[in-house]
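In terms of mature numbering (1 follows the signal peptide of the UniProt record, and there is no 0), the sequence shown is residues -22 to -1, 1 to 334.
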Amino acid sequence: MLRSVIALLTLAVLTVGASSVAGVVSADPAADALARMAELSRQAEQASEELYSAELDLDLKVEAQRAAEEKLAEDLGRAEAASADLRSYQAAVDRVAVAEYVSGPSGNISATLGAGSPQELLDRLSVQRVMSGQMRDAMTQFSAARTRAAAAEDESRVAAAQARAATDATAKVRADIQRRQGDLRTQISSVEAQYAALTTEQRAVLAAPGPPPPSGAAPPPPSDIVAMPNPDGAVPGPPAGTGGGAAVVQTALSRVGSPYVWGGNGPNAFDCSGLIKWSFLQQGKSLPRSSQALASGGQPVALEALLPGDIVTFYSDASHAGIYIGDGMMVHASTYGTPVKVAPITMAPIYNARRY
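Take a look at the structure:
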């Protein structure tokens, strides 16, 4: 929660402590209302970031389903080709077998006994060698074709099972996303109702500007803005890495004062991961659109080694994130009713830090 809210809560605790000594306990309605607002906002932010992670998972599942279906089609094609080969070799074996049957018993003894002359004997032996070779070749090819057909059929069965599993997994994630979307809408309604019940003074506490950024981190005048890409679109802008962390920091600081909106991708409204993705996108880098995904990507960074532009994630479920700007400070989109602002990274329990 913001420093000002913490101050109110601290004041409430001190007041309760002092009143307890006097034998009279009193509550601070302002602190209670803001604390409730903070609790509801945290719950909504958790649901929101979990939804983004589920959507990223859906993208992976859809891609896995597409690959499984492509493999199934290829394996079915190979199975059909192998079956066609098997049928052709079966026909060849049948022809040779018929020819042997028509020509009568085979073998050197039969040829010798049945020959009327030495020349006929030689002819009979020559024909038998040719037919024996043809039969041997036909049987070899038939056996190989039968092996290929069986393997192709097995592969197609495996591919079909994988395609079914991928389809089922995709459907499961889609259903999970629909459930999460419903939960999020409910939670957002609760936050908005709580915010509407706040007094003007309480809203002013939430909207209070944060501390100024560290010296040297002030943003330049806003430059060209890159639009958020489509989920499956190419990332526009300069090559990844251009400008480094300092440029990302300046870009993010140029949005200080922008309102917090769930699902906000910029350029004029943001949620926490939306601000990060938008700020990096201006420098040609496409980062994941969820705080949990941000916490697992990039390179791990020790807190004592943080540099401007590093990502700091918060809480045990990595459900919040901000951009480190130096001197123990970050810029982030914190919660509903509070604009994008600078805050200390000690404002919440840190989960980890990553460098992109």
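Don't be surprised by glycine CBs; every beta carbon is placed ideally from N, CA and C.
Since the structure is predicted, the reported quantities are computational estimates derived from the model, not experimental observations.
Beta-bridge partners of residue i, as assigned by DSSP
i, result
"PHE120", "Beta-bridge pairing links PHE120 to no other residue."
"ALA299", "THR291"
"GLN277", "ARG333"
"ASN246", "ASN246 pairs with nothing; no bridge assigned."
Per-residue DSSP class, three states only, for residue i
i, result
"residue 336", "Coverage of the chain is limited to positions -22 through 334, which leaves residue 336 absent and any answer about it impossible."
"LYS319", "strand"
"TYR30", "helix"
"ALA333", "In the sequence under discussion, the amino acid at residue 333 is Arg, which differs from the Ala named in the question. Residue state, collapsed to three classes: strand."
"MET325", "helix"
"VAL234", "coil"
"THR291", "strand"
"TYR173", "helix"
"GLY55", "helix"
"VAL309", "strand"
"GLY304", "strand"
"TYR314", "coil"
"ALA137", "helix"
Beta-carbon proximity of residue i to residue j, cut-off 8 Å
i, j, result
"SER251", "ARG267", "yes"
"ASP288", "ARG332", "yes"
"ASP53", "ALA130", "yes"
"VAL320", "MET307", "yes"
"VAL126", "ALA60", "What sits at residue 126 in the sequence shown is Arg, not Val. Yes, Cβ-Cβ distance for ARG126 and ALA60 is below 8 Å."
Between the CA atoms of residue j and residue i - distance to the nearest angstrom
i, j, result
"ALA326", "PHE292", "6 Å"
"LEU184", "ARG152", "35 Å"
"VAL213", "LEU259", "Any reading at VAL213 must be qualified, since the residue scores a pLDDT of 37, below 50, and its modelled position is unreliable; no value is offered."
"SER257", "ALA174", "30 Å"
"VAL40", "LYS150", "11 Å"
"residue 336", "ALA13", "Residue numbering for the chain in the displayed model covers -22 to 334; residue 336 lies beyond these limits and cannot be assessed."
"GLY244", "TYR238", "10 Å"
"GLY275", "VAL290", "12 Å"
Contacting residues, own chain, Cβ-Cβ under 7 Å from residue i (five flanking each side not counted)
i, result
"GLU27", "SER251, SER268, SER269, GLN270 and SER297"
"LEU176", "ALA11 and MET15"
Contacts around residue i, its chain only, beta-carbon distance under 6 Å, and the 5 residues preceding and following it disregarded
i, result
"LEU38", "none"
"MET15", "GLN172"
"VAL169", "LEU18, SER19, ALA22 and TYR314"
"ALA57", "ALA130, GLU131 and SER134"
Own chain residues within Cβ distance below 8 Å of residue i, not counting five before or after
i, result
"LEU50", "SER134, ALA137, ALA138, GLN140 and ALA141"
Within-8 Å CB hit, residue i to chain B
i, result
"ASP37", "No chain B is part of this structure, which consists of one protein chain only."
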